[in-house]
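Novice:
2 protein chains.
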Amino acid sequence: MPDILHKVGIKSSSLDEVYKALTTCEGLAGWWTNDTKGEPGKVGGIVQFRFGAGGFDMEVVRLQPTNYVLWKVIDGPEEWIGTRISWELKEDGEYIIVLMKHMDWKEPVEFMHHCSTKWAIFLMSMKSLLETGKGAPNPYDVKIDNWN
Amino acid sequence: MPDILHKVGIKSSSLDEVYKALTTCEGLAGWWTNDTKGEPGKVGGIVQFRFGAGGFDMEVVRLQPTNYVLWKVIDGPEEWIGTRISWELKEDGEYIIVLMKHMDWKEPVEFMHHCSTKWAIFLMSMKSLLETGKGAPNPYDVKIDNWN
Numbered sequence: 017m018p019d020i021l022h023k024v025g026i027k028s029s030s031l032d033e034v035y036k037a038l039t040t041c042e043g044l045a046g047w048w049t050n051d052t053k054g055e056p057g058k059v060g061g062i063v064q065f066r067f068g069a070g071g072f073d074m075e076v077v078r079l080q081p082t083n084y085v086l087w088k089v090i091d092g093p094e095e096w097i098g099t100r101i102s103w104e105l106k107e108d109g110e111y112i113i114v115l116m117k118h119m120d121w122k123e124p125v126e127f128m129h130h131c132s133t134k135w136a137i138f139l140m141s142m143k144s145l146l147e148t149g150k151g152a153p154n155p156y157d158v159k160i161d162n163w164n
Numbered sequence: 017m018p019d020i021l022h023k024v025g026i027k028s029s030s031l032d033e034v035y036k037a038l039t040t041c042e043g044l045a046g047w048w049t050n051d052t053k054g055e056p057g058k059v060g061g062i063v064q065f066r067f068g069a070g071g072f073d074m075e076v077v078r079l080q081p082t083n084y085v086l087w088k089v090i091d092g093p094e095e096w097i098g099t100r101i102s103w104e105l106k107e108d109g110e111y112i113i114v115l116m117k118h119m120d121w122k123e124p125v126e127f128m129h130h131c132s133t134k135w136a137i138f139l140m141s142m143k144s145l146l147e148t149g150k151g152a153p154n155p156y157d158v159k160i161d162n163w164n
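So the sequences go chain by chain: A and B.
Residue 17 is where the first sequence starts when you use this note's numbering, and the numbers rise one by one after that.
Residue 17 is where the second sequence starts when you use this note's numbering, and the numbers rise one by one after that.
1) Using the beta-carbon count (16 or more within 10 Å), is B/G98 buried or exposed?
2) With C-beta atoms as the reference, is A/K143 less than 8 Å away from A/I20?
3) So, at 6 Å on beta carbons, what are the nonlocal neighbours of B/K117 in its own chain, with the 5 sequence-adjacent residues on each side left out?
4) CA-CA distance, A/A152 and A/K159?
5) Out of A/W121, A/F67 and A/L145, state which residue places its alpha-carbon closest to the alpha-carbon of A/K88.
6) Whose C-alpha, out of B/G61, B/N83 and B/G43, is nearest the C-alpha of B/G165?
7) Is the Cβ-Cβ distance between B/L38 and B/V77 less than 8 Å?
8) Using CA coordinates, which residue listed in B/D108, B/L139 and B/I90 is at the minimum distance from B/G61?
9) Spatial neighbours of B/E33 within its chain, please: CB distance less than 7 Å, with the 5 preceding and 5 following residues excluded, ordered by chain position.
10) What span of residues does the beta strand (DSSP E) with A/D19 cover, start to end?
11) Taking DSSP's pairing of strands, which residues face B/F112 in a bridge?
12) Using a C-beta to C-beta distance shorter than 9 Å, which residues of chain A count as neighbours of B/D161?
13) Based on the DSSP secondary-structure assignment, which residues constitute the bridge partners of A/N154?
14) Under three-state DSSP, which class holds A/G43?
15) Quick one: what does DSSP say A/W135 is sitting in, helix, strand or coil?
16) Locate the beta strand (DSSP E) running through A/W87, then write down its first and last residues.
17) Since A/V24 contacts A/M140 with CB under 8 Å, what's their CB separation in whole angstroms?
18) Can you tell me the Cβ-Cβ gap for A/P56 and A/G70, rounded? I've got them flagged as a contact below 8 Å.
19) DSSP three-state call for B/D32: helix, strand or coil?
20) Could you check whether the Cβ of A/P93 sits closer than 8 Å to any Cβ belonging to chain B?
21) Determine the direct distance from the alpha carbon of B/C41 to that of B/G54, and round the result to whole angstroms.
22) Give me the Cβ distance between A/E107 and A/L115, rounded to the nearest whole Å; I'm assuming they're in contact under 8 Å.
23) Can you say whether A/Y35 is buried or exposed, counting buried as having 16 or more other CB atoms within 10 angstroms of its CB?
24) Could you spell out where the beta strand (DSSP E) holding A/G70 opens and where it closes?
25) Does any CB atom of chain B fall closer than 8 Å to the CB of A/H130?
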């Protein structure tokens, strides 16, 4: 099954700060969508990410402070349900490296192309949040195409 | 074998203009790397894309004006050799939609994560070139991590 893969390197940060950007509502709201609710810091916790009308509900499947986060999509667009999103963090010199995988898509449909490019935009938003204090979460996100 | 997928939608453009951005050295130099040489507009043509010390040589495998372009990587980093890159163009309302696939990677290595995010950056550069007249090709490209 096809996966979406991405990588960014974040300067002037720490493993702890990047991990918090993935495991607190405040952190997630700073780079992905400002409408983030739930319990991202607890295994088994549910997180609601909302974008205008739609959005995603994730279950936190695994947390390994401060190196690994795994979510499973339990509600949202049909193509996303059952997919998993992993975040691997590591230090490399002056960078915190973020390796992201959005796994288990059933088919490489046009929506998967869209989501892949859009994930890159949001990872750059996370990088900006941590490096400068200012991300570009929904609804302030960079638009890429006819679907947003 | 895993693929990289991306999509952008370009406003204020035409199929012909986007196709030219993929099949002329001037077009490619405007969004990917300013050091682009060769024959991107001819089936069987070789194109040299250079980024500082390294780069990629592509063979143009298929051209279907103004909807489809297929390249095969014949020289460059080991992970890229033998991979193929396709570009599908279509109109959707006020947008020209670009669907890109970088196919046939052997393994989902860290370099593939890097290249996936970097492709998104370059597709946004192509969108910017066509919408505003100004792209951000190498060496003016947005940096994403410790590898560039």
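Note that CB positions come from ideal geometry on N, CA and C, so glycine has one too.
No experiment lies behind these values; they were computed from the predicted model shown.
Specialist: Quick answer:
1) exposed
2) No.
3) The answer, listed in chain order, is D19, L21 and S102.
4) 11 Å
5) A/W121
6) Beyond the ends of chain B as shown, which are 17 and 164, falls residue 165 of chain B; an answer cannot be given.
7) no
8) B/I90
9) These residues qualify, in order along the chain: L146.
10) Run containing A/D19: none; DSSP gives neither H nor E here.
11) The sequence shown places Ile at residue 112 of chain B, not Phe. Partner(s): B/I26 and B/E107.
12) What B/D161 touches in chain A: K23, V24, G25, I26, D108, Y111, I113, V114 and K143.
13) According to DSSP, A/N154 bridges with A/T49.
14) helix
15) In this structure, A/W135 counts as helix in the three-state DSSP scheme.
16) Taken as a continuous stretch (DSSP letters only), the beta strand (DSSP E) holding A/W87 covers Y84 to D91.
17) 7 Å
18) That pair is no contact at about 19 Å.
19) helix
20) no
21) 7 Å
22) Actually they are not in contact, since the Cβ atoms of A/E107 and A/L115 sit about 13 Å apart, beyond 8 Å.
23) buried
24) Run containing A/G70: G70 to Q80, per the beta strand (DSSP E) assignment.
25) Interface residue, yes.
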